Amino acid sequence: MEIAILIGLILLNGVFAMAEIALVTAKRSRLQRLAEDGKSGAQTAINLGTNPTRFLSTIQIGITAIGLLNGIYGESALAGPMAQWLIELGMHAKTASIASTAIVVLGITYLSIVLGELVPKRLGQYYPEAIAQVIAKPISFLASVSKPFVWLLSLSTEGFLALMGKRGGDGQQLTEEDIEAVIAEGSESGVLEKQEHDMV
42 MEIAILIGLI
52 LLNGVFAMAE
62 IALVTAKRSR
72 LQRLAEDGKS
82 GAQTAINLGT
92 NPTRFLSTIQ
102 IGITAIGLLN
112 GIYGESALAG
122 PMAQWLIELG
132 MHAKTASIAS
142 TAIVVLGITY
152 LSIVLGELVP
162 KRLGQYYPEA
172 IAQVIAKPIS
182 FLASVSKPFV
192 WLLSLSTEGF
202 LALMGKRGGD
212 GQQLTEEDIE
222 AVIAEGSESG
232 VLEKQEHDMV
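Quick note on my numbering: the sequence shown kicks off at 42 and runs consecutively.
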């Protein structure tokens, strides 16, 4: 049961990590098309993108809280039984206590990195718009629930950015490189003919 709870927390951490990458990397133009097709989650994702600090703060709160719970619960639930098992194998009690804590921490860290960070983030990179439209509403709800704390984090973030000469904006601006990439994609898919490509 303890292991199932830990795995659940790690997977929940993965959901937050996946949401972060998906919402950041999702193309606004593709989300707009999905929104026009009636996907309400896509519109919510667009709305979140207008204030990235807000949803990034919400996600960071979730990731930090889950990380703390993993460490506290994992050590208390698994280190004791692990130490007892090591003692039964003939290890000294003090050594077994230290070794069990180290084994549990390393195990949780490994699973957290692989299942709670790397794999979800790669999925977020592979399917950003699809994931963004699904995850946007839950993230928006969490942002509303934790609004006071998110407001404090957002204000602090913007304050530090201002001290470094950076201004908060509406997210990434459309660059010449972005436009060229869209044109190239249209040409490859047959949406734009060669003459139209050259004209643009």
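Heads up, the beta-carbon is just placed ideally off N, CA and C, and yes, glycines get one too.
Here the structure is a predicted model, which is why all the values come from computation and not from measurement.
Practice item. Going by CA-CA distance only, name the one from L196, M205, E170 that's closest to T85. Key: E170
**Study point:** Where K207 falls: helix, strand or coil (DSSP)
**Key:** coil
Exercise for review: Label P34 either buried or exposed according to how many other C-beta atoms from any shown protein chain fall within 10 Å of its C-beta, with 16 as the threshold for buried.
Suggested key: Not covered by the structure: residue 34. The range shown for the chain is 42 to 241.
**Study point:** Neighbourhood of L110 by C-beta, 7 Å cutoff - its chain only, sequence neighbours within 5 removed
**Key:** L50
Point to revise | Chain-order list of residues whose beta-carbon lies under 6 Å from that of L52 (same chain, five-residue window excluded) | key: none
Review point. How long is the line joining the alpha carbons of P137 and I46, rounded to whole angstroms?
Key: The residue you asked about is not Pro; residue 137 is Ala in the sequence shown. Each residue's alpha carbon lies about 24 Å from the other.
Practice item. Please work out which residues of its chain come closer than 8 Å, Cβ to Cβ, to Q214, disregarding the five sequence neighbours upstream and downstream, and give them in chain order. Key: Unreliable placement is indicated for Q214, whose pLDDT of 49 sits below 50; no coordinate value is reported for it.
Point to revise | Through-space distance from Q101 to P93, alpha-carbon basis | key: 12 Å
Review point. Are the Cβ atoms of L72 and A63 separated by less than 7 Å?
Key: no
Review point. Below 7 Å between beta carbons: does that hold for G103 and F57?
Key: yes
Practice item. Could you tell me whether the Cβ atoms of K80 and Q174 are closer together than 7 Å? Key: yes
Point to revise | Close Cβ partners of G212 (< 6 Å) along its chain, the five nearest in sequence each way excluded | key: Per-residue confidence for G212 stands at a pLDDT of 48, beneath the threshold of 50, marking its modelled position as unreliable; no derived number is given.
Check your understanding: Buried or exposed: where does V155 fall if 16 or more other Cβ atoms within 10 Å of its Cβ makes it buried?
Key -> exposed
Review point. In terms of alpha-carbon separation, which member of F96, P122, E43 lies closest to I180?
Key: F96
Review point. With distances taken from CA atoms, which of S187, L204, L164, G157 is nearest G55?
Key: G157
Practice item. Given a cut-off of 7 Å, decide if A140 and L127 are closer than it, judged by their beta-carbon atoms. Key: yes
Check your understanding: Closest to S117 by CA distance: which of M205, I149, A134 is it?
Key -> I149
Check your understanding: Does the distance from the C-beta atom of A184 to that of V145 stay below 7 Å?
Key -> no
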